[in-house]
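Numbering (this note's numbering), first residue to last: 1 to 449.
For each residue, glycine too, the CB sits at the ideal point set by N, CA and C.
In this text, all values refer to a predicted model and were calculated from it rather than measured experimentally.
One structure is given here, and the rest of the page talks about it.
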Ligand SMILES: C[S@@+](CC[C@H](N)C(=O)[O-])C[C@H]1O[C@@H](n2cnc3c(N)ncnc32)[C@H](O)[C@@H]1O
């Protein structure tokens with residue numbers, strides 16, 4: 001068996017140690033993107049591949065560790081190393097039993113069984129903080145290779161192990177979608193496709209696809225202005241990035257720019273704009289007097305960078321730091337014609353791209369975020385002109401950040417009218433998903449006189 005995902009420059013034992021640090025960080029509440037950004041470049045691809053895979057299997061691996069080592073190790077790095085190694089070992093054993101087990105999943109890192117055991121023990125031995133646990137690592141992994149069937153029979157009835165999401169998350173989806181919760185959770189454990197949004201000011205879908213074709217990159221188009229690649233690639237390996245021909249944006253996320261009606265000359269507010277994906281989409285479609293607002297100064301820098309690369313940073317675009325729930329701090333009193341309210345949310349609809357999110361969130365975050373959304377929506381509503389449109393959008397699949405929010409908003413604002421809108425988009429659910437797009441919620445309101 002070949003080791004498909006080892007880094008050319010780093011032995012697997014070191015990649016395991018780094019990946020374990022990332023998993024330890026996520027379990028302590030740190031975002032994976034932040035810690036990956038700090039990983040030395042030569043190791044990043046291999047560490048990311050293993051960390052993503054382990055996070056998609058973490059509930060399973062944790063329940064195996066609990067079965068084999070009921071008392072949680074005091075050293076969190078050791079605990080993470082055990083879980084990383086158990087996840088890879090389980091994968092290796094699946095492939096040993098059925099070589100085609102992951103034939104449709106090029107993202108899954110596959111190593112030989114003996115390689116995982118050997119490298120995990122070597123990893124423990126190489127670190128002063130772990131060396132005394134080398135025997136434990138060896139014993140746990142070898143016992144798993146001998147008793148796998150019996151251990152899995154115990155473990156796989158537990159929701160966290162079966163679905164690789166926290167128990168409260170599984171319960172919430174089960175309650176909200178009694179028919180579809182399993183399909184949703186299955187979809188959440190697979191990577192999403194890479195979709196590009198074509199910058200219509202610089203390119204077209206037809207032209208981009210022809211150039212991709214010439215470069216040997218297979219693609220299709222899920223709909224207006226979008227191109228989905230058969231295989232994800234680094235942005236610089238795709239023609240046209242530096243020329244501002246396109247941006248990476250999921251197909252469900254692209255609906256925001258397609259749903260909010262904008263025309264040349266309109267006054268538009270993008271109220272939670274950073275890093276600017278949807279801002280750019282609006283500006284690609286019409287010459288607008290646009291305010292891109294966000295409360296996070298660092299993220300706002302990315303709005304400027306993105307608009308600059310796409311050639312959209314004209315003088316009619318204002319980038320401002322501000323709290324969307326406090327228009328008194330940033331609004332000049334002139335009503336907007338259109339508002340995009342792509343509000344902060346739990347991001348439960350994009351876990352397939354950010355597999356750490358499910359482990360970072362707490363159950364109470366859902367209600368807390370929904371409350372923040374309600375206050376932002378009501379504040380923004382006061383800045384919308386009569387006849388204007390406001391699009392409420394979240395990348396969530398929890399009803400509190402979707403349908404329930406809409407009902408509460410309509411009850412608070414009698415002059416708000418809900419226009420035909422996609423509502424809840426559910427990845428992996430036939431009839432409720434959008435091509436192979438992420439989980440999103442959209443509701444378009446207009447303001448009556
Ligand atoms: C879902 S993201 C926006 C993504 C962005 N619309 C895009 O398509 O690139 C939500 C954004 O809301 C911002 N945010 C959170 N609380 C806010 C507030 N009270 N006022 C304004 N922005 C806020 C966050 O900093 C984050 O950038």
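In this chain, the alpha helix (DSSP H) harbouring residue 170 covers 167-176.
In this structure residue 278 is buried. Its beta-carbon is surrounded by 16 or more other beta-carbon atoms within 10 angstroms. Pairing residue 150 with residue 67, the inter-Cα distance amounts to about 11 Å. One thing to note: residue 270 has its Cβ within 7 Å of the Cβ of residue 292.
In this structure, ligand 1 has no non-hydrogen atom nearer than 6 Å to the beta-carbon of residue 438.
At a threshold of 6 Å, residue 313 does not count as near ligand 1, since its beta carbon sits no closer than that to any of the ligand's heavy atoms. DSSP places residue 90 in the helix class (H, G or I) of the three-state scheme. In the DSSP assignment, the residues bridged to residue 447 are 416. Listed in chain order, the non-local C-beta contacts of residue 313 below 6 Å within the same chain comprise 307, local neighbours out to five positions each way being set aside. Residue 247 sits in a strand when the DSSP states are folded into three classes.
For residue 294, the shortest separation between its Cβ and any heavy atom of ligand 1 lies below 6 Å. The nearest non-hydrogen atom of ligand 1 is 6 Å or more from the C-beta of residue 30.
Just so you know, the alpha carbons of residue 10 and residue 215 end up roughly 30 Å apart. Boundaries of the alpha helix (DSSP H) around residue 63: 58-68. With three or more CB-CB distances shorter than 8 Å, the stretch 16-33 counts as touching the stretch 118-138.
With a cut-off of 6 Å, the C-beta of residue 327 is classified as distant from ligand 1, since no heavy atom of the ligand falls inside that distance. Its Cα nearest to that of residue 391, the residue 373 stands out among 94, 113, 373 and 243.
Residue 267 and residue 447 have their C-alpha atoms roughly 15 Å apart. Judged by their CB atoms, residue 198 and residue 205 are nearer to each other than the 7 Å cut-off. Membership of residue 341 in the beta strand (DSSP E) is indicated by the continuous run 336-342.
Beyond the five residues adjoining it in sequence on each side, residue 388 comes within less than 8 Å, by CB distance, of 335, 336, 337, 338, 339, 446 and 447 in the same chain, given in chain order. Distance from the CA atom of residue 127 to the CA atom of residue 357, rounded to whole angstroms, is 29 Å.
Counting the other CB atoms within 10 Å of its CB gives residue 196 a total of 16 or more, which places it among the buried residues. In this structure, residue 63 places its C-beta atom within 7 Å of the C-beta atom of residue 155.
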